[in-house]
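Inspection log for the structure reproduced underneath, given as structure tokens.
There are 2 protein chains.
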Amino acid sequence: MKTFQEMSRQELEEQRSKLTAAFEEIRAEGLKLDMSRGKPAPEQLDTAMPLMDVLNSESVLQTESGVDCRNYGIMDGIPEVKRLMADMLDTKPENVIVDGNASLSLMFDAVSHSVTHGVCGSTPWCKLDKVKFLCPAPGYDRHFKVTEYFGIEMITIPMTENGPDMDLVEKYVKEDASVKGIWCVPKYSNPQGYTYSDETVRRFAALEPAAEDFRIYWDNAYCIHDLYEDKSDELLEIFTECEKAGHPDLVFEFASTSKISFAGAGISAVASSARNLDWFKKVMTVQTIGPDKVNQLRHARYFKNKEGLKAQMMKNSALIRPKFELVLGMLKEELDGLGIGRWTNPVGGYFISFDAMEGCAKAIVAKCKEGGMVLTGAGATYPYGVDPKDSNIRIAPSYPSLAEMKEATKLFILCVKLVSIEKLLEGAE
Amino acid sequence: MKTFQEMSRQELEEQRSKLTAAFEEIRAEGLKLDMSRGKPAPEQLDTAMPLMDVLNSESVLQTESGVDCRNYGIMDGIPEVKRLMADMLDTKPENVIVDGNASLSLMFDAVSHSVTHGVCGSTPWCKLDKVKFLCPAPGYDRHFKVTEYFGIEMITIPMTENGPDMDLVEKYVKEDASVKGIWCVPKYSNPQGYTYSDETVRRFAALEPAAEDFRIYWDNAYCIHDLYEDKSDELLEIFTECEKAGHPDLVFEFASTSKISFAGAGISAVASSARNLDWFKKVMTVQTIGPDKVNQLRHARYFKNKEGLKAQMMKNSALIRPKFELVLGMLKEELDGLGIGRWTNPVGGYFISFDAMEGCAKAIVAKCKEGGMVLTGAGATYPYGVDPKDSNIRIAPSYPSLAEMKEATKLFILCVKLVSIEKLLEGAE
Numbered sequence: 491m492k493t494f495q496e497m498s499r500q501e502l503e504e505q506r507s508k509l510t511a512a513f514e515e516i517r518a519e520g521l522k523l524d525m526s527r528g529k530p531a532p533e534q535l536d537t538a539m540p541l542m543d544v545l546n547s548e549s550v551l552q553t554e555s556g557v558d559c560r561n562y563g564i565m566d567g568i569p570e571v572k573r574l575m576a577d578m579l580d581t582k583p584e585n586v587i588v589d590g591n592a593s594l595s596l597m598f599d600a601v602s603h604s605v606t607h608g609v610c611g612s613t614p615w616c617k618l619d620k621v622k623f624l625c626p627a628p629g630y631d632r633h634f635k636v637t638e639y640f641g642i643e644m645i646t647i648p649m650t651e652n653g654p655d656m657d658l659v660e661k662y663v664k665e666d667a668s669v670k671g672i673w674c675v676p677k678y679s680n681p682q683g684y685t686y687s688d689e690t691v692r693r694f695a696a697l698e699p700a701a702e703d704f705r706i707y708w709d710n711a712y713c714i715h716d717l718y719e720d721k722s723d724e725l726l727e728i729f730t731e732c733e734k735a736g737h738p739d740l741v742f743e744f745a746s747t748s749k750i751s752f753a754g755a756g757i758s759a760v761a762s763s764a765r766n767l768d769w770f771k772k773v774m775t776v777q778t779i780g781p782d783k784v785n786q787l788r789h790a791r792y793f794k795n796k797e798g799l800k801a802q803m804m805k806n807s808a809l810i811r812p813k814f815e816l817v818l819g820m821l822k823e824e825l826d827g828l829g830i831g832r833w834t835n836p837v838g839g840y841f842i843s844f845d846a847m848e849g850c851a852k853a854i855v856a857k858c859k860e861g862g863m864v865l866t867g868a869g870a871t872y873p874y875g876v877d878p879k880d881s882n883i884r885i886a887p888s889y890p891s892l893a894e895m896k897e898a899t900k901l902f903i904l905c906v907k908l909v910s911i912e913k914l915l916e917g918a919e
Numbered sequence: 491m492k493t494f495q496e497m498s499r500q501e502l503e504e505q506r507s508k509l510t511a512a513f514e515e516i517r518a519e520g521l522k523l524d525m526s527r528g529k530p531a532p533e534q535l536d537t538a539m540p541l542m543d544v545l546n547s548e549s550v551l552q553t554e555s556g557v558d559c560r561n562y563g564i565m566d567g568i569p570e571v572k573r574l575m576a577d578m579l580d581t582k583p584e585n586v587i588v589d590g591n592a593s594l595s596l597m598f599d600a601v602s603h604s605v606t607h608g609v610c611g612s613t614p615w616c617k618l619d620k621v622k623f624l625c626p627a628p629g630y631d632r633h634f635k636v637t638e639y640f641g642i643e644m645i646t647i648p649m650t651e652n653g654p655d656m657d658l659v660e661k662y663v664k665e666d667a668s669v670k671g672i673w674c675v676p677k678y679s680n681p682q683g684y685t686y687s688d689e690t691v692r693r694f695a696a697l698e699p700a701a702e703d704f705r706i707y708w709d710n711a712y713c714i715h716d717l718y719e720d721k722s723d724e725l726l727e728i729f730t731e732c733e734k735a736g737h738p739d740l741v742f743e744f745a746s747t748s749k750i751s752f753a754g755a756g757i758s759a760v761a762s763s764a765r766n767l768d769w770f771k772k773v774m775t776v777q778t779i780g781p782d783k784v785n786q787l788r789h790a791r792y793f794k795n796k797e798g799l800k801a802q803m804m805k806n807s808a809l810i811r812p813k814f815e816l817v818l819g820m821l822k823e824e825l826d827g828l829g830i831g832r833w834t835n836p837v838g839g840y841f842i843s844f845d846a847m848e849g850c851a852k853a854i855v856a857k858c859k860e861g862g863m864v865l866t867g868a869g870a871t872y873p874y875g876v877d878p879k880d881s882n883i884r885i886a887p888s889y890p891s892l893a894e895m896k897e898a899t900k901l902f903i904l905c906v907k908l909v910s911i912e913k914l915l916e917g918a919e
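These protein sequences, in sequence, are chains P and U.
Under the working numbering, the first residue of the first sequence is numbered 491, with each subsequent residue one higher.
Under the working numbering, the first residue of the second sequence is numbered 491, with each subsequent residue one higher.
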């Protein structure tokens, strides 16, 4: 089989007219697909519905320590839910704060408080001329939005299959005291689905930052989000490694049940050292009267422990897995060997990362939109929304039905081919 | 009847030994009472338990507009809950954002975003040499903590029965461009239970601030928290007055169902002009994936409208009212005419404000603690926790049972008398 690059102008033009006809056919169908966000499908959410029956008006809405969840009190999470989230993260309940429904808010708050008040007593970032964050990319657009919002300079760090380029990370962190943080999605990374290797995790734990207020923002969003029961990535537990390296305060870890129970009504957590959590709690006493404890109780009683959470995830993955396999199968079938795209084959998480030929991502996303499908904006996976190679596209297969997913992938493949041909013909002119 | 001031040294000493004996008797009982916060009593929370049955696993968890509450999406509140909260505040749904369980977090965020990014495009407060807030006092300690946290200078404004001293407010706001806000609890104020008069509200709406980014932080925490069905204070609706005065952007109004449904698991709201809410939402898109929509749906379906909320409040007030009446009756019976204390007689809200003789509040609170009862720290009702006259004490009658309340008030009265006598004897030395 020839790659597109090996084809003659005439061959490319023939392909184009065939593909254009197929594209017009799809466009005529008037599709309305949205693959822009990593949203759970309704069927996934259905599997968590028993959660709604855990508590009712006959329930005693008290924590195991006897606190009335309906009333004020307890700022950092009820005991049983701290245990649940600690279990999920393989850490200790005393190292966890459990909050409301969005871990993004916890991340925002961590940065916001650092900007206004500094980290554990260091100079507030708003008093500094320059604050920088390292941003492994492609990465999660919401992370980048938070740092961009606070005017923090973002430095792109290339991602590899083993995690961020650690030579570069170590260099920046060690040499530049204005580097205050790094955004990480260490397991089933967004969007590539890569899991940091043991060596990467150890090198993170061993970092010797120039800045005392440097922290790793370890967004373990997909910690138990495996697609298969019999094959899954394993991530080293970061705090254990930090302890070994003598750096107990280096990491803020974040997680939530957004993709376990309900994306719109789950619970979130931040895990860290006693010193870091004291800092967090000091702010929280000013900021809030505490999280929704009734919803925490609901989650704690329903899931009980990590096994309960994992059992729920297996129900979820049974629904997502076929969609991943469908997309990956079609990509392989239709694009393999053509030289116009590479993609990842994750065994967990919510995304597939697709790298088109350089300079093609925006045009592919636009073409898909023309055909009736919204994708995550090209560039969104890079700081400032600018992918220097205009190549990366995030595919989020979870939300559409299997039938829609088939249509969507067909359209996507068509658009990749068409845009690549245009690009090659342009280049040949 | 003689006032304490009119008594001879001998009379005071006689009183003291009688009162000391009574105090020791109570102390021996080993009371453990907590009147430090305005917490709903368990019986109040019980009245809201039907809320727990509104949704179950058979429910269709969709908004009236068809959005799945279990999933991501909708940042500013589902339509039916915006209507509910707007109804409660006598304003329009489009002027309301409904959030999670704590209006305090919304207030914190409003200030925090102003500090880091400025108000609707004005200079971020962190870039200014001086930012000041007016603080009507006695007031709500949590308000003062927020401004203190951000290093904002707090200026005490004396409270009157009609609200803050408006001559002073107008002067500061008009003349000092570093004055950026004022904390208000306009109805059944915390702790005095005063409701701002129509004139006060109109003068607020008519303020002509020197600072374009001055806002009124209108914490309408007790908007429908009447103790009686047949007598209640009426507060003029502030936005209507602002419109009339041509100042649509002057006010952020806050409210929650913390003291209507569950203190730990309710919903909160901020109401304001389209311009101010656009500013708020711009931040929220970075900060959060949205509030817990399932709990919003639960509240919207259960309460339906203002009538539903008011019906719930009547169940609540039936439980709180006897406690207020007990305290007020005992204070009148035991302290009226003695010249050692004045107190307010609110018909709503959560507090009674007590003014002891100057220089006695701290000693009374300490004496109560000795006797087994925790009160809100003396001074907490003033900026920086310092009551210049050391006179104001906040009484929170909602949480203890009626029997406990009787014990508590007996102890409180004893302590007021004892400390006052000590003070008078000291002065006479």
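The beta-carbon is built from N, C-alpha and C at its ideal position, and this holds for glycine as well.
Tyr630(U) carries a coil assignment under DSSP once its states are collapsed to helix, strand and coil. Under the three-state reduction of DSSP output, Lys622(U) falls in the strand class. Here the C-alpha atom of Leu717(U) lies approximately 53 Å from the C-alpha atom of Ala886(P). Val876(P) is not a Cβ neighbour of Ser526(P), given a cutoff of 8 Å. With 16 or more other CB atoms across the displayed protein chains lying within 10 angstroms of its CB, Arg573(U) is buried.
For Val760(U), the enclosing beta strand (DSSP E) has its first and last residue at Ser758 to Ala761. Going by DSSP, Ser595(P) is part of no beta strand (DSSP E) but of the alpha helix (DSSP H) stretching over Ser593 to His607. Bounds of the beta strand (DSSP E) holding Glu743(P) are Val741 to Ser746. Assignment of beta-bridge partners to Ala846(U) by DSSP yields Gly831(U). Just so you know, the alpha carbons of Arg705(U) and Arg692(U) end up roughly 15 Å apart.
The residue from Tyr684(P), Asp688(P) and Asp657(P) with its alpha-carbon nearest to that of Glu698(P) is Asp657(P).
Inclusion of Val557(P) and Val571(P) in the CB contact set at 8 Å is not warranted, their separation being larger than that value. Separation of Glu702(U) and Lys800(P) (C-alpha to C-alpha, rounded to the nearest whole angstrom) is 53 Å. Taking 7 Å as the upper bound on Cβ-Cβ separation, chain U lies near residues Lys635, Val636, Tyr639 and Phe640 of the segment 627 to 644 of chain P. Any Cβ of chain P closer than 8 Å to the Cβ of Met542(U) would place that residue at the interface, and such an atom is present. According to the DSSP assignment, Arg705(P) belongs to the beta strand (DSSP E) that extends over Arg705 to Asp709. Contact check for Met578(P) and Cys713(P): beta-carbon distance about 6 Å, within the 8 Å limit, so the pair qualifies.
Close to Arg693(U), with beta-carbon spacing below 9 Å, lies no residue of chain P; the smallest spacing is near 30 Å. With a 10 Å radius around the Cβ and a threshold of 16 neighbouring Cβ atoms, Asn835(P) comes out exposed. Cβ contact annotation for Gly861(U) (same chain, cutoff 8 Å, sequence separation greater than five): Phe513, Ile516, Arg517, Leu521, Leu901, Leu904 and Cys905, in chain order. With contacts defined by Cβ atoms closer than 8 Å, Phe742(U) and Thr581(U) do not form a contacting pair. The beta carbon of Asn561(P) sits closer than 8 Å to some beta carbon of chain U. Taking a C-beta cut-off of 7 Å against chain P, the contacting residues of the segment 737 to 758 of chain U are Phe752, Ala753, Gly754 and Ala755, listed in chain order. Considering only Glu665(P), Tyr686(P), Asp666(P) and Ser668(P), the residue with the shortest C-alpha distance to Cys674(P) is Tyr686(P). When the Cα atoms are used, Asn766(P) and Glu916(U) turn out to be separated by approximately 48 Å. Closer than 8 Å to the CB of Gln777(P) there is at least one CB belonging to chain U.
It is roughly 48 Å from the alpha-carbon of Thr871(U) to the alpha-carbon of His715(P). Taking a C-beta distance under 8 Å as the contact criterion, Ser555(P) and Met542(U) do not qualify as a contact pair.
Following the DSSP letters along the chain, one finds Thr650(P) inside the beta strand (DSSP E) bounded by residues Glu643 to Thr650.
Nearest CB-CB separation between Cys616(U) and chain P: below the 8 Å threshold. Across the structure, Asn680(P) and Ile672(P) are spaced so that their CA atoms are roughly 15 Å apart.
By the CB criterion at 8 Å, Ala853(U) and Ser881(U) fall outside the cutoff. Here DSSP, grouped into helix, strand and coil, assigns Gln682(U) to coil. Ala886(U) has a beta carbon lying at 8 Å or more from every beta carbon in chain P.
For Phe598(U), the C-beta contacts it makes with chain P under 8 Å involve Val776, Gln777 and Thr778, in order along the chain. For Met539(U), the chain P residues whose Cβ falls inside 7 Å of its Cβ are Ser547, in order along the chain.
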